[in-house]
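Encoded as structure tokens, the structure appears first; notes follow it.
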Amino acid sequence: MSSSPSPLRSARGSRLALLVVGLCWLAVLFDGLDMFIYGSVLPHLLETRTFGLTADQAGDLGSYATFGMLVGALVAGTIADRIGRKKLMVSCVTLFSLASGVCALADSVTVFGLGRTLAGVGLGGLLPTAISMVSDYAPRGRGAIVIGLLMTAHHAGGILSAYVAKWLIDPVGWRAAFWVCVLPLLFVPVLAKLLPESLGFLVAKGRGEEARALAERYDVEVPAARTGGGDRWTNLANLFRGNEWIQTLLYWVASFGGLLLVYGVATWLPTLMRAEGYELGSALSFVVVFNLGGIVGMLVAGRAADLPHPRLRSGGGTPTGAPRISALWFALTAAGVFLLSIHMDMTVTMIVVFFTGVFLNSAQTMIYATVSIRSDADNRATAVGWTSGMGRFGAVFGPWLGGQLLASGNGDWGFTAFAIAGVSSMVFIGIAALRSSRRTATDSERELVAAH
């Protein structure tokens, strides 16, 4: 007969979870700042023809960062499942901070592009690793809301990037904005000292002594031992065993369309709004409103995804809520993005931008939440990393597509193209939601039969 944890032990465990989520939140805040800063300074770079920059070249530069994110996400997931979440997070923050210094010192498009590519590697590696880390410490049945809370940091970073650009570009210059993105280096020693390694990772890798020492230090329970994870290729192969390959591919394709949409809009929103006649300050205000919507959307989507499915006897934390919310959110995103192609009153436009931010950003995050919740500790980072990595092909394509459309004088079609991507993701994650719901409901019915 197992004893339930004491209130004191539970309280200390909650404080440990808050410590992990808080540190990861700050790391993702810096991730968002670095990611969005390019889009925030881009209208100025184009207006002043810095480096002789043209719209199609600007799209290419946006794709360099997202290509680096693709590499970072694919490599980081498997590395994190081998060396640990903590070491990789520290490495990623260090890399994208130093890379921003390269951008600040750049004297040509080539050097600037190199800096953005290296920053992308760090940015792409950090996000799936942080998601895996907070998932390991999330209270049971609260996985989606914890991931949603974490991702509010990404949009807080986007808001910060807009204000950094507004405050620094005119008086100091665009390089100062990238120097601000070097400051997270000061956070690296704090992260290295205070962030604990994942208990689930330590147990999964057979490092029981380390897990027990960490658990004793924070007075928390050691997770139950599981079958040890294999190497990185075994973890990847597990995503395709049995019928898992269908769900895996559905998540990958949905992530492709979702990240095409997210990074296409994030890169080009200020520039497209500037092209509509808004001043630079007003165009950057759209970035603030868009990311405020993203923060609200993360919290709403995460809470809704954790609600129990009516057909299941268990409560939250099942992998059925997140994909259903994601599908609905993508449908609403597509409608909002399409409306942005229509010239409207300023107030109405602000409202549309806000609600587009609500639905767009959290729709993609709920894909990550689904993959994370339904994965085991020994291959969670691999599953999330590869879902993110496959989606990064869309993230590479989105900024490039926006640049090509703007350069050819078809900027309005950019919103339409992004809306089509939203519809595509809605279809694929919707199919995944139906398959997951049927399987989970069947498993629950089998449990009821066995219990009786």
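When you read off a place in the sequence shown, starting at 1, and then add 826, the result is the number in the numbering used here.
Built from N, CA and C at the ideal position, the CB exists for glycine as well.
Cα-Cα separation, residue i to residue j
i     : j     : result
W851  : T874  : 35 Å
G1120 : F1185 : 7 Å
G894  : L949  : 8 Å
A1207 : V897  : 15 Å
A843  : T880  : 47 Å
R911  : Q1073 : 25 Å
A837  : I971  : In this prediction, A837 has a pLDDT of 48, which is less than 50 and means its spatial position is unreliable; what the coordinates show is noted afterwards. Cα-Cα distance, rounded: 19 Å.
A1160 : K1019 : 43 Å
V1029 : R841  : 21 Å
D886  : R942  : 11 Å
R1261 : G1235 : 42 Å
G1224 : R1038 : 46 Å
R1150 : R1033 : 37 Å
H981  : N1187 : 9 Å
R1067 : V916  : 32 Å
R1137 : A1130 : Because R1137 carries a pLDDT of 49, less than 50, the predicted location of this residue cannot be relied on, and the following value inherits that uncertainty. Cα to Cα, the separation comes out at about 16 Å.
V1014 : V947  : 17 Å
A964  : A884  : 39 Å
W908  : L1062 : For clarity, residue 908 is Arg in the given sequence; the question names Trp instead. When rounded, the distance between both Cα atoms is 13 Å.
V1008 : V937  : 16 Å
D996  : D1132 : 45 Å
E1035 : L1231 : 57 Å
V998  : A932  : 16 Å
T1060 : W1071 : 14 Å
F1241 : V1048 : 49 Å
Whole-number beta carbon distance between residue j and residue i, since they are thought to touch under 8 Å
i     : j     : result
P1022 : V846  : 7 Å
L1040 : D962  : No, L1040 and D962 are not in contact; Cβ-Cβ is about 12 Å, not under 8 Å.
W1078 : M1170 : Not a contact, Cβ separation roughly 35 Å.
T1196 : A1243 : About 26 Å separates the two Cβ atoms, so there is no contact after all.
G1256 : A1127 : G1256 to A1127, Cβ: 15 Å. No contact.
Y890  : G939  : 5 Å
I859  : L1017 : The sequence as given places Leu at residue 859; Ile does not occur at that position. Their Cβ separation, rounded to whole angstroms, is 15 Å, which puts L859 and L1017 out of contact at 8 Å.
A906  : L1076 : Between L1076 and A906 the Cβ distance is about 23 Å, and since that is not below 8 Å, they are no contact.
V1191 : M977  : According to the sequence shown, residue 1191 is Thr rather than Val. Between M977 and T1191 the Cβ distance is about 5 Å, and since that is below 8 Å, they are a contact.
F856  : A930  : Between A930 and F856 the Cβ distance is about 15 Å, and since that is not below 8 Å, they are no contact.
V990  : I1168 : That pair is no contact at about 30 Å.
L871  : W1000 : 6 Å
Option in the options with minimal Cα separation from residue i
i     : options                       : result
M1252 : A1195, L975, G1084 and G1228  : G1084
L953  : C918, V928 and T943           : C918
S1152 : F1116, S1250 and F1223        : S1250
L1125 : A979, L1065, L1086 and F1004  : A979
S866  : L1065, A988, V1178 and L1086  : A988
T920  : L1227, G951 and N1187         : G951
V854  : L1154, N1064 and V960         : V960
I1193 : G1229, Q1230, F1254 and W1226 : F1254
V1088 : V1048, P997 and W1226         : W1226
F1027 : P997, T955, A1002 and K992    : T955
S1111 : E1042, T936 and K992          : K992
Within 8 Å, strictly: CB atoms of residue i and residue j
i     : j     : result
V928  : L914  : no
V1163 : V1113 : no
M861  : G983  : yes
G1183 : G1123 : yes
G888  : T1093 : yes
T892  : V1115 : no
E926  : F877  : First, the amino acid is wrong: residue 926 is Ser here, not Glu. It is not a contact, given that the beta carbons lie outside the stated cut-off.
S1081 : T904  : no
P869  : T1097 : yes
I957  : S1201 : no
Q1181 : L1118 : It should be noted that the sequence gives Phe, not Gln, for residue 1181. No, the pair does not count as a contact, with Cβ atoms beyond the cut-off.
L1165 : V1178 : yes
W1155 : A1189 : yes
N1205 : N1064 : yes
L1011 : S923  : yes
A902  : R1218 : no
A1233 : D882  : yes
Report the residue ranges of all alpha helix (DSSP H) runs contained in full by the region 925-977; include only those spanning at least 4 residues, in chain order. 935-963
Entirely enclosed alpha helix (DSSP H) segments - the region 833-905, minimum 4 residues: Listed in chain order, they are 833-873.
Could I get the ranges of all uninterrupted alpha helix (DSSP H) runs contained in the region 1020-1050, with 4 residues as the minimum, in chain order? 1025-1030 and 1034-1044
Runs of beta strand (DSSP E) lying entirely within the region 1053-1098, each at least 3 residues, in chain order: Entirely contained in the region 1053-1098, not one beta strand (DSSP E) run reaches 3 residues.
Please give the ranges of any alpha helix (DSSP H) in the region 1174-1245, keeping only runs that are unbroken, at least 4 residues long and fully inside the region. With a minimum length of 4 residues, the continuous alpha helix (DSSP H) runs that stay inside the region 1174-1245 are 1206-1233.
At what residue ranges does the region 984-1024 contain a whole run of the alpha helix (DSSP H), taking only runs of 4 or more? 1000-1006 and 1014-1020
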